[in-house]
Amino acid sequence: MESSVDKGYITWLSEACRARVVHTQMIQPLWSGYGACFRAKLDYSASVGQEKEHKLEQESNGYGVATNTKNSAFYPIAHSKSFTHVVVKCASPPPNLAHPRGWNGQRSDERKRRSFRVENYFYDKVQWLTTDRCRTATCVSHAQRGTSTLLVMEDLAPSGFTHTSMSLSPDNAKTVLKWLAHFHARFLTKEAVEKNRDTNLWHEGTYWHLSTREDEYQAMPESLLKQNAQAISKRLSGARYQTLVHGDAKVANFCFTADFSSCAAVDFQYVGYGVGVKDVAYFLGSALTTQEQQEHRKALLDTYFNELEIALLARLSEKEHHCDFTHSDGSLNNDTLTYNDVVQVIKEWKDLYSFACADFYRFLAGWSPEHWKIDQELQHQTDIALAKLSKGI
């Protein structure tokens, strides 16, 4: 972990928000050395247009030292000056690519660069459509310089989302499943038309989908899974009911209240279109042990689908029956849902759960065949999907 927040990032933050940065705390460097994520406290009362240096009280988990920064360029007014405590993600692609598992080619670099632009767009244009039932951080400001991007978000900790975890009990996992259900219900569409998809988001959400993982696919050993990779991918992407998926819904990307009764999500680099169970399958594999998944799978999936039904029925009761989600061509998502749609989406996505597991297994088999997430449960679900394909179901 880096010892302190880069001075250049702090200067950029100050300029983008037109505020003095009075405190920073490193959270973590970004994957493969692409930048940093850190907390900051802002003082909007100070003028940043003056040629004046401000002393910065910097704390980076005990490693940082005080430094100075000079403010210069002006930026558009931040979205909201009500947030003095913010989380900042500054992405600056390194000159020399590196990856802990050796996947540092051009495809990987292009995917990461685009993921930061997608996330900035989500927070700027889409985040405001989320609700308290699928809580996300408010966008404060964002900017771009060449290939580098800056995203400034509300720090969720002052709102009570103070806890994170690398694993959950089955009962606490239900909190996230309910969040996912409401997020997916919020953006659900039917008979999704390609031209209506917002091209500023991923055409297919999640970081592991087949069309962007050709290198990993080629690295897979010959197997029934590899032979059916295209069919599995098409089954998921061809589903009638699509929504926005978080795309990286691992347990580490959720913040919880102290009693774990409520949560909020962060890290929307791979948000895009897909079936909701892709998020569900990925989340459960990240949060629970193999035994917990095997013993509690049915109850947990029931929790998700029951909450999805509740959220969709709530949409039916709304006047316009749809989420005012603007597509890239400026049109609204005008899909009018019916009760039959609620029944059918649940039926379709239940059937696709095993395919979502198999799709993620396909990625791991090429990317890191010894990964701990390849367990008996993932293999079991993959076997179900492969059996359905062989039977033409």
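According to my numbering, the sequence shown is numbered sequentially starting from 15. Cβ coordinates follow ideal geometry from the N, Cα and C atoms, glycine included. Source: prediction; values computed, not measured.
{"Item": "Taking C-alpha atoms, which residue in Trp-381, Ile-407, Thr-25 and Phe-270 lies nearest to Arg-147?", "Value": "Phe-270"}
{"Item": "For Cys-31, which three-state DSSP category applies?", "Value": "helix"}
{"Item": "For Leu-238, does the count of other Cβ atoms within 10 angstroms reach 16, so buried, or fall short, so exposed?", "Value": "exposed"}
{"Item": "Among Lys-188, Leu-56, Ala-171 and Leu-366, whose alpha-carbon lies nearest the alpha-carbon of Gln-307?", "Value": "Lys-188"}
{"Item": "Any idea what DSSP makes of Ile-41, helix, strand or coil?", "Value": "strand"}
{"Item": "Would you kindly report the start and end of the unbroken beta strand (DSSP E) that includes Lys-366?", "Value": "It should be pointed out that residue 366 corresponds to Leu in this sequence rather than to Lys. From DSSP, Leu-366 is part of no beta strand (DSSP E) but of the alpha helix (DSSP H) over 353-381."}
{"Item": "From the DSSP output, which residues share a beta bridge with Thr-163?", "Value": "Ala-105 and Gln-158"}
{"Item": "With 16 as the cutoff for other CB atoms within 10 Å, does Glu-391 come out buried or exposed?", "Value": "buried"}
{"Item": "Assuming Ser-129 contacts Tyr-296 (C-beta within less than 8 Å), just tell me the rounded distance between them.", "Value": "Not confirmed; about 16 Å, so no contact."}
{"Item": "Write down the C-beta distance between Met-234 and Gly-380 rounded to the nearest angstrom, noting that I regard them as a contact closer than 8 Å.", "Value": "4 Å"}
{"Item": "On the three-pair Cβ rule with 8 Å, is the region 166-179 touching the region 253-264?", "Value": "no"}
{"Item": "Check whether the region 223-232 touches the region 314-322, counting contact only when three or more Cβ pairs, one atom from each stretch, lie closer than 8 Å.", "Value": "no"}
{"Item": "In terms of alpha-carbon separation, which member of Ala-30, Cys-51 and Gln-232 lies closest to Val-19?", "Value": "Cys-51"}
{"Item": "Round the Cβ separation of Lys-9 and Thr-220 to the nearest angstrom and send it over; I've been treating them as touching at under 8 Å.", "Value": "Outside the shown range of the chain, which is 15 to 407, sits residue 9, and nothing can be said about it."}
{"Item": "When the Cα atoms are used, what is the spatial distance from Glu-321 to His-310?", "Value": "17 Å"}
{"Item": "List the endpoints of the continuous beta strand (DSSP E) containing Gly-299.", "Value": "Taken as a continuous stretch (DSSP letters only), Gly-299 belongs to no beta strand (DSSP E), being part of the alpha helix (DSSP H) at 291-301."}
{"Item": "Going by Cα to Cα distance, which pick from Glu-236, Arg-149 and Gln-158 is closest to Leu-170?", "Value": "Arg-149"}
{"Item": "Note the first and the last residue of the continuous beta strand (DSSP E) segment covering Leu-56.", "Value": "49-57"}
{"Item": "Report the three-state DSSP secondary structure of Asp-397 (helix, strand or coil).", "Value": "helix"}
{"Item": "Could you compute how far the alpha carbon of Lys-41 sits from the alpha carbon of Thr-352?", "Value": "In the sequence under discussion, the amino acid at residue 41 is Ile, which differs from the Lys named in the question. Approximately 44 Å, taken between the alpha carbons."}
{"Item": "For Ser-404 and Ser-247, I'd like the C-alpha separation in whole angstroms.", "Value": "15 Å"}
{"Item": "Judging by CA-CA distance, which residue of Tyr-287, Trp-193 and Gln-395 is the nearest neighbour of Val-280?", "Value": "Trp-193"}
{"Item": "From Ser-122, His-156 and Phe-175, pick the residue whose C-alpha is nearest to that of Leu-27; which is it?", "Value": "His-156"}
{"Item": "With DSSP as the reference, label Tyr-287 as helix, strand or coil.", "Value": "strand"}
{"Item": "Exposed or buried, what is Thr-38 when buried is set at 16 or more other beta-carbons lying within 10 Å of its beta-carbon?", "Value": "buried"}
{"Item": "I'd like to check one pair, Trp-216 with Phe-374: are the Cβ atoms closer than 8 Å?", "Value": "no"}
{"Item": "Since Ala-233 is in the alpha helix (DSSP H), which residue starts that stretch and which ends it?", "Value": "228-233"}
{"Item": "Among the residues of its own chain, which have a CB less than 6 Å from the CB of Thr-152, if the five just before and after it don't count?", "Value": "Glu-168"}
{"Item": "Exposed or buried, Val-357, counting other C-beta atoms within 10 Å across all chains shown (16 or more means buried)?", "Value": "exposed"}
{"Item": "Under 7 Å from any heavy atom of the ligand ZN, does the C-beta of Thr-396 make it?", "Value": "This structure does not include the ligand ZN; it has no bound ligands of any sort."}
{"Item": "Would you kindly check if the distance between the Cβ of Tyr-135 and the Cβ of Asn-214 is under 8 Å?", "Value": "yes"}
{"Item": "With a threshold of 16 other CB atoms inside 10 Å of the CB of Gln-305, please say whether the residue is buried or exposed.", "Value": "exposed"}
{"Item": "Name the residue from Ser-276, Lys-204, Lys-402 and Trp-142 whose alpha carbon lies nearest to the alpha carbon of Val-190.", "Value": "Ser-276"}
{"Item": "With Thr-145 and His-198 assumed to form a contact (beta carbons below 8 Å), what rounded beta-carbon distance in angstroms separates them?", "Value": "Actually they are not in contact, since the Cβ atoms of Thr-145 and His-198 sit about 12 Å apart, beyond 8 Å."}
{"Item": "Check each candidate in Arg-329, Asp-273 and Gln-241 and name the one with the smallest Cα separation from Phe-201.", "Value": "Arg-329"}
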